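Only one structure is covered here, and it is reproduced in the block below.
Number of protein chains: 2
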Amino acid sequence: MTRYKAIISYDGTDFSGFQRQPQARTVQEEIEKTLLRLNSGHPVTIHGAGRTDAGVHAYGQVIHFDLPQERDVEKLRFGLDTQCPDDIDIVAIEVVEDDFHARYNKHSKTYEFLVDVGRPKNPMMRHYATHYPYPVDLSLMQEAIVNLLGTHDFTGFTASGTSVENKVRTITEARVERDDKTDFLVFTFSGNGFLYKQVRNMVGTLLKIGNGRMPVSQVKTVLESCNRDLAGPTAAGNGLYLKEIRYE
Amino acid sequence: MTRYKAIISYDGTDFSGFQRQPQARTVQEEIEKTLLRLNSGHPVTIHGAGRTDAGVHAYGQVIHFDLPQERDVEKLRFGLDTQCPDDIDIVAIEVVEDDFHARYNKHSKTYEFLVDVGRPKNPMMRHYATHYPYPVDLSLMQEAIVNLLGTHDFTGFTASGTSVENKVRTITEARVERDDKTDFLVFTFSGNGFLYKQVRNMVGTLLKIGNGRMPVSQVKTVLESCNRDLAGPTAAGNGLYLKEIRYE
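Chains as they are written, first to last, in full-length UniProt numbering: chain A, 1 to 248; chain B, 1 to 248.
What follows is the structure, given as structure tokens:
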């Protein structure tokens, strides 16, 4: 048995998220179907570092899986890449220790969130950035976003009804800039873990702050109160990218 | 009667091209359907500066159309923009002279062509750039592309069976660069008019030159021989963008 770690990218538009579920097209199912063919018809289960929701994209999702024999990793990558559907790409594969686990090995993640601000929007990017038709003041968002840095209880920024008990997470990078070329807002968040819909809720709140409909202090208010009702709306998934995962 | 000129952008992925045709979704049909609603149910015909093929995108297509009354152009733009399908955007509208014609008024066009070179490709860009899996030498293409500048008979670079008689056109800008951020090849062509599939055939030939399977001199050979068989294959439409149209 040989364990492989793969970095994959995918366009989330036509997927009901990463994780396998009945009656829905998922990234996991498509890769497992391809691995089945490459493994002489024997089923292979893949494990992802994290789940991504419907419409959410990835440039650097990490998965692991086992095959009975050690293979040339570049041939394996090429075969898997070319046989997977067009909206999934296999960026890199390497052999790892048998006890490596994409989800349970300690890692930090970076997410990016793209926002197409104002009108007219860019039709080519309608599945790849969230459209926000209202004007925003970048400096207000930059002032607010730094309050997310550090270790906090992020209960107020997660979806209500989440089953995870410990909602304390550490954010090591939180910034927002305007891309010179596209004029899009680019939010970047890195940390040791993110709660369900946390990034989308943080972005939804920051956009409201940028638009002047919430005070800059609202980020602190949500963190301190742990009250989801005080945060902004959940930004749509189509602007979200799982950018990179770094293992310790 | 008031004549309006509009700059529009669209994602060509789900269109069978710009021009209305039976049993197919086209840009023209969708805009005319929207204008019908905005014009109290009276049909409005739009005229485009040029036709784009299936899958081809536009940032700066120009159309003109007439409405019985003069309207506030920003309100008209907003109404048309928000009521058109998501893959069409109305960038700008202005009132023009009654004899302005998007197609027949003298103008020059700029096309851009994006190529995602090598593997793995970017799945997010699979409808927005043409994937070329082979290595290319940028400098060979840059050496060849300058031969397209100037006034030539472009018969060798158009689709066979084109009905246009005069195939002499002038290209004023022809360059190819590598985008630092995306690592994509960006071809730019400007000129007073382009023949059917001309840009895609020029790009297909240049890629073969970049890949070393045609000599740098092939561009000259195709121009001088007017022989389509000597040019490279037609590059796929999904990398092509009608970028800008400038009227004199």
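Think of the CB as a built atom: it goes at the ideal place given N, C-alpha and C, for glycine as much as any other residue.
Quick caveat, the model's predicted, so the values are computed rather than measured.
Using only the alpha-carbon positions, how far apart do residue i and residue j sit?
i, j, result
"G193(A)", "R246(A)", "11 Å"
"D87(A)", "G55(A)", "12 Å"
"V95(A)", "E74(A)", "11 Å"
"C226(B)", "M202(B)", "13 Å"
"G17(A)", "Y128(B)", "22 Å"
"F184(A)", "V27(A)", "27 Å"
"K5(B)", "Y59(A)", "40 Å"
"R178(B)", "T170(A)", "38 Å"
"D11(B)", "G156(B)", "29 Å"
"K109(B)", "V62(B)", "10 Å"
"L242(B)", "M1(B)", "29 Å"
"R51(B)", "I90(B)", "17 Å"
"N105(B)", "R77(B)", "22 Å"
"Q218(A)", "G212(A)", "11 Å"
"F113(A)", "D99(B)", "46 Å"
"I8(B)", "A92(B)", "7 Å"
"T130(B)", "F187(B)", "12 Å"
"H107(B)", "Q198(B)", "17 Å"
"S139(B)", "G210(B)", "8 Å"
"T221(A)", "P215(A)", "10 Å"
"D229(B)", "Q23(B)", "33 Å"
"A49(A)", "P85(B)", "37 Å"
"T172(A)", "G118(B)", "34 Å"
"Q19(B)", "H42(B)", "20 Å"
"S163(A)", "N238(A)", "24 Å"
"Y134(B)", "E30(B)", "38 Å"
"I145(B)", "L149(A)", "50 Å"
"T151(A)", "K208(A)", "23 Å"
Taking DSSP as the reference, what is the three-state secondary structure of residue i?
i, result
"S225(A)", "helix"
"Q218(B)", "helix"
"F18(A)", "coil"
"F113(B)", "strand"
"Q61(A)", "strand"
"G79(B)", "helix"
"T182(A)", "coil"
"L240(B)", "strand"
"R3(B)", "strand"
"T234(B)", "coil"
"S190(A)", "strand"
"R103(A)", "coil"
"T13(B)", "helix"
"E30(A)", "helix"
"I90(B)", "strand"
"V146(A)", "helix"
"V95(B)", "strand"
"G212(A)", "coil"
"H156(B)", "First, the amino acid is wrong: residue 156(B) is Gly here, not His. Of the three classes helix, strand and coil, the one that applies to G156(B) here is helix, per DSSP."
"L67(A)", "strand"
Considering only the beta carbon of each residue, do residue i and residue j sit closer than 8 Å?
i, j, result
"A235(A)", "G204(A)", "yes"
"L240(A)", "R175(A)", "no"
"Y111(B)", "F189(B)", "yes"
"D180(B)", "V168(B)", "no"
"T34(B)", "Q83(B)", "yes"
"F15(A)", "V44(A)", "no"
"L67(B)", "N39(B)", "yes"
"H47(A)", "R103(A)", "yes"
"M141(B)", "L206(B)", "yes"
Since residue i meets chain A, which of its residues come closer than 8 Å, beta carbon to beta carbon?
i, result
"D89(B)", "P120, K121, N122 and P123"
"S9(B)", "P120, N122, P123 and M124"
"D81(B)", "R119 and P120"
Answer with buried or exposed for residue i, where buried requires no fewer than 16 other C-beta atoms within 10 angstroms of its C-beta.
i, result
"H101(B)", "exposed"
"residue 250(B)", "Residue coverage of chain B in this structure runs from 1 to 248, which leaves residue 250(B) outside it and unanswerable."
"R37(B)", "exposed"
"Q21(A)", "exposed"
"H57(B)", "buried"
"P233(B)", "exposed"
"V136(A)", "buried"
"D72(B)", "exposed"
"N166(A)", "exposed"
"V115(B)", "buried"
"G191(A)", "buried"
Is any beta-carbon of chain D found at less than 8 Å from that of residue i?
i, result
"Y128(A)", "Looking at the structure shown, chain D is missing, and the protein chains on hand are A and B."
Quick one: list the residues of chain A neighbouring residue i, beta-carbon separation under 7 Å, in chain order.
i, result
"H57(B)", "M124"
Which bits of chain B does residue i rub up against, with CB to CB less than 8 Å?
i, result
"D86(A)", "P123 and R126"
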